[in-house]
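Heads up: the sequence shown is residues 1095 to 1572, going by this note's numbering.
For glycine and all other residues, C-beta sits at the position ideal for the given N, C-alpha and C.
What follows is a set of notes on a single structure, which appears directly below.
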Amino acid sequence: MSTYPDLHLYINGEWRKTARDLPVLNPATEEEIGRLPHAEKSDMDDALESAEKGFKVWRQVAPIDRANILLKAARLMRERQEEIATAITAEHGKPLSQARLEVIRGCEFFEWDAGEATRTYGRVIPSAPGVRYIVHHQPIGIVAGFSPWNFPMSQPCRKVAGAIAAGCSIILKAAEETPAGALHVARALHDAGLPPGVLNLVFGTPAEISDYLIKQDQVRLVAFTGSTAVGRHLTILAAQHMTPVLMELGGHAPVIVCEDTDVEAAALSGAVRKMRNAGQVCTSPTRFFVHESIFDEYLETFVRRAAETVVGNGVNSGVEMGPLANERRVEALTDLVEDARASGAEVMTGGNKIGDKGYFFEPTVLANVPDTARVMQEEPFGPLAMINPVGSLDEAIERANSVPYGLAAYGFTNRADYVDRMIEGIEAGNVSINTLEASLPETPFGGVKSSGYGREGGTEGLHNYMFTKNVSHSLSID
Ligand code: NAD
């Protein structure tokens, strides 16, 4: 029995259908699984009015009460884990086991920010007698949030949790390809007692919605996760209105494998992690720089494990990798592989679309890929690994930094001096050693260079959703 939900917009605490709707497809079967209401201008007017009312109410709610609503919503989502995971797999394609983990991660984002809501401390600045300087943090206002399709539920959770914990209201445009994840987040908050207007969920034509929202004086923050090209466009629009932005954009993560590491363990971990979410993760390990003395062994182990990846419909047990999320990704990957081959790269395994139903693509490993190949510069966002030999750590760090991206980076070594050189030398917002995990609720996540700015998570996360106010209080008129 399908548990895919009936899709709605959510405005002013009410579920809404519209005159126009769009099909939602299952990427494993290409079958239509739902119809998504499309917001028109009048819906956006209502969402804005509702967010204004919601902000007036919510900013007055005590942090502990905001936290309790987030915690109750997280409990509900944990109870509904199976229903939400099934919907994610149907609309996105990832294996059910990964969808279940995504639901838990989304809940953890809620739980972390609930705690942070009660700890947005200000400070008192030492002063002369008779005067006090007090710094405190206030919610920034209405947030326009845009979440992508690669994590249909946990990505909306990040933005919604940040805004709600800080005392803001939010209009979230979640991804049209994968609306059910965001809908379940709204449903849990609705059931947990979130006042009307604090969260509004819309879908439609992305450019129309972002153009509409960013122009509004009442919108005080644009929070976007997606491609660097779209992020840059939205940042330019926001700059015209002096509206701050939180941009979580693309990555092209380097993995530096040093000669002292456990080669087999590092290669197996790389191959498994690369294929998670079919490589459609902004922190996905992508450009592997392996010391030449261990290169052959690493490559052979990696290729063998990548080729063994079980690909199929995510609902079937044992499947490790589902289809790509949409037809655009299949075309993009096919082009990148062809270009790399023409540039002289060796295709060690994969490289092709699988079958003629669904957006399946083979786990793909390229070796000895010249820097002139497009794939060494452009984010592949798919199950594609490029493995190249390097002669030294200095060379690896230089090549790691040679792209415009700086989101996640990884290193494998047991040498303290190598770790230190990587931490100091790699240009990235997140550097992970001996692990391919880059983002947890309690750690700040975000990029440098074209990967964006601002941080989500950690103690830093809520600062984006607040502004700092200094109060000077003289005890007598001076
Ligand atoms: P895309 O650039 O067309 O869209 C990326 C996201 O931005 C989508 O969610 C889309 O709905 C949204 N979007 C597009 N135009 C918009 C606009 N004018 N206003 C507001 N939102 C807009 O690319 P795509 O084909 O959907 O995805 C492929 C690329 O997106 C990948 O190469 C990857 O770099 C990037 N991406 C990144 C992440 C991430 O987590 N950083 C997630 C998904 C996609």
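Q | Beta-carbon proximity list for residue 1401, same chain, < 6 Å, skipping 5 on both sides | A | Apart from the 5 residues on each side of it in sequence, residue 1401 sits with its Cβ closer than 6 Å to the Cβ of 1443 in its chain, given in chain order.
Q.
I want to check one thing, is the minimum distance from the CB of residue 1652 to the heavy atoms of the ligand NAD below 7 Å?
A. The chain is shown from 1095 up to 1572; residue 1652 falls before or after that span and cannot be answered.
**Q.** Span separating the alpha-carbon of residue 1335 from that of residue 1329
**A.** When only Cα atoms are considered, residue 1335 and residue 1329 end up about 10 Å apart.
Q) Would residue 1266 pass as a contact of residue 1241 if the rule is Cβ separation under 8 Å? A) At a Cβ-Cβ threshold of 8 Å, residue 1266 and residue 1241 count as neighbours.
**Q.** CA nearest to the CA of residue 1187, picked from 1414, 1223, 1144, 1395
**A.** Nearest Cα to residue 1187 within the set 1414, 1223, 1144, 1395: 1414.
(Q) Quick check on DSSP: helix, strand or coil for residue 1232? (A) DSSP places residue 1232 within a strand segment (E or B) once states are collapsed to three.
Q.
Does the beta-carbon of residue 1327, which I'm using as the reference point, lie nearer than 7 Å to any heavy atom of the ligand NAD?
A. Yes - the ligand NAD has a heavy atom lying nearer than 7 Å to the Cβ of residue 1327.
Q.
Taking 7 Å as the cut-off, is the C-beta of residue 1533 nearer than that to any heavy atom in the ligand NAD?
A. No, the ligand NAD has no heavy atom inside 7 Å of this Cβ.
Q. If we count Cβ pairs, one from each stretch, closer than 8 Å, do we get three or more for the stretch 1344 to 1364 versus the stretch 1389 to 1407?
A. Pairwise C-beta distances place the stretch 1344 to 1364 in contact with the stretch 1389 to 1407, as three or more of them are shorter than 8 Å.
Q: From the DSSP output, in three-state form, read off residue 1388 for me.
A: Note: residue 1388 maps to coil in three-state DSSP.
Q) the ligand NAD heavy atoms versus the CB of residue 1319: any closer than 7 Å? A) At least one heavy atom of the ligand NAD is nearer than 7 Å to the Cβ of residue 1319, so yes.
Q. At what residue ranges does the stretch 1250 to 1308 contain a whole run of the alpha helix (DSSP H), taking only runs of 4 or more?
A. With a minimum length of 4 residues, the unbroken runs of alpha helix (DSSP H) contained wholly in the stretch 1250 to 1308 fall at 1273 to 1286, 1300 to 1308.
Q: Figure out for me which residue from 1293, 1225, 1563 has the closest Cα to the Cα of residue 1144.
A: Selected option, being the one with the closest Cα: 1293.
Q. Under the DSSP definition of a beta bridge, which residues are partnered with residue 1360?
A. Partner(s): none; residue 1360 has no beta bridge.
**Q.** Pairwise C-alpha distance: residue 1213 and residue 1566
**A.** Looking at the two C-alpha atoms, the distance is approximately 22 Å.
Q. If you compare alpha carbons, which of 1133, 1560, 1179 is closest to residue 1268?
A. The closest CA to that of residue 1268, considering only 1133, 1560, 1179, is found on 1133.
Q: Report yes or no: do the stretch 1340 to 1351 and the stretch 1497 to 1509 share at least 3 C-beta pairs separated by less than 8 Å?
A: Judged by Cβ distances under 8 Å, the stretch 1340 to 1351 makes contact with the stretch 1497 to 1509, as three or more pairs qualify.
Q: Following the continuous beta strand (DSSP E) through residue 1080, name the residue where it begins and the one where it ends.
A: The structure shown has nothing for residue 1080, since the chain only spans 1095 to 1572.
**Q.** 3-residue-minimum beta strand (DSSP E) runs that sit fully inside the stretch 1511 to 1558, ordered along the chain
**A.** Runs of the beta strand (DSSP E) inside the stretch 1511 to 1558: 1524 to 1527.
(Q) Is it buried or exposed, residue 1464, if we count other Cβ atoms within 10 angstroms and call 16 or more buried? (A) Counting every other CB atom within 10 Å of its CB across the protein chains shown gives residue 1464 a total below 16, marking it as exposed.
Q. Helix, strand or coil: which one does DSSP assign to residue 1348?
A. For residue 1348, the secondary structure class from DSSP, reduced to helix, strand or coil, is strand.
Q) Which two residues bound the contiguous beta strand (DSSP E) that contains residue 1109? A) Note, residue 1109: beta strand (DSSP E), 1108 to 1110.
Q. So what does residue 1502 bridge to, in DSSP terms?
A. For residue 1502, which the question treats as bridged, DSSP gives the partners 1524.
Q. Given that a residue counts as buried once 16 or more other Cβ atoms are within 10 Å of its Cβ, and exposed if not, what is residue 1410?
A. Looking at its Cβ environment, which holds fewer than 16 other Cβ atoms inside 10 Å, residue 1410 is exposed.
Q: Confirm the yes/no value for this check: CB of residue 1244, any heavy atom of the ligand NAD, distance under 7 Å.
A: Within the cutoff, so yes.
Q: Tell me whether residue 1219 is buried or exposed, calling it buried when 16 or more other Cβ atoms sit within 10 Å of its Cβ.
A: Label assigned to residue 1219: exposed.
(Q) Assuming residue 1316 and residue 1562 are in contact, meaning their beta carbons sit under 8 Å apart, how far apart are those beta carbons, in whole angstroms? (A) In this structure residue 1316 is not in contact with residue 1562, their Cβ atoms being roughly 19 Å apart against a cut-off of 8 Å.
Q: On the DSSP bridge assignment, give the partners of residue 1342 in chain order.
A: 1319.
Q. Taking just the CA atoms, how far does residue 1539 sit from residue 1556?
A. Rounded to whole angstroms, residue 1556 to residue 1539 spans 12 Å at the Cα level.
Q: Would you mind sorting residue 1154 into buried or exposed? The rule is 16 or more other CB atoms within 10 Å of its CB.
A: Taking all protein chains in view, the Cβ of residue 1154 is surrounded by fewer than 16 other Cβ atoms within 10 Å, so the residue is classified as exposed.
Q) Is residue 1269 near the ligand NAD, going by C-beta to nearest heavy atom under 7 Å? A) Yes, the Cβ of residue 1269 comes within 7 Å of a heavy atom of the ligand NAD.
Q.
With a threshold of 7 Å (Cβ to nearest heavy atom), would residue 1141 be considered close to the ligand NAD?
A. Answer for residue 1141: no, Cβ out of range of the ligand NAD.
Q. Comparing the CB of residue 1300 with every heavy atom of the ligand NAD, is any distance shorter than 7 Å?
A. Proximity of the beta carbon of residue 1300 to the ligand NAD is indicated: a heavy atom of the ligand is located closer than 7 Å.
Q. Using 8 Å as the Cβ pair cut-off and three pairs as the minimum, do the stretch 1179 to 1195 and the stretch 1415 to 1422 touch?
A. A contact exists between the stretch 1179 to 1195 and the stretch 1415 to 1422.
Q: Note down the Cα distance separating residue 1126 from residue 1139, rounded to an integer number of angstroms.
A: Using only the alpha carbons, I get a separation of about 30 Å.
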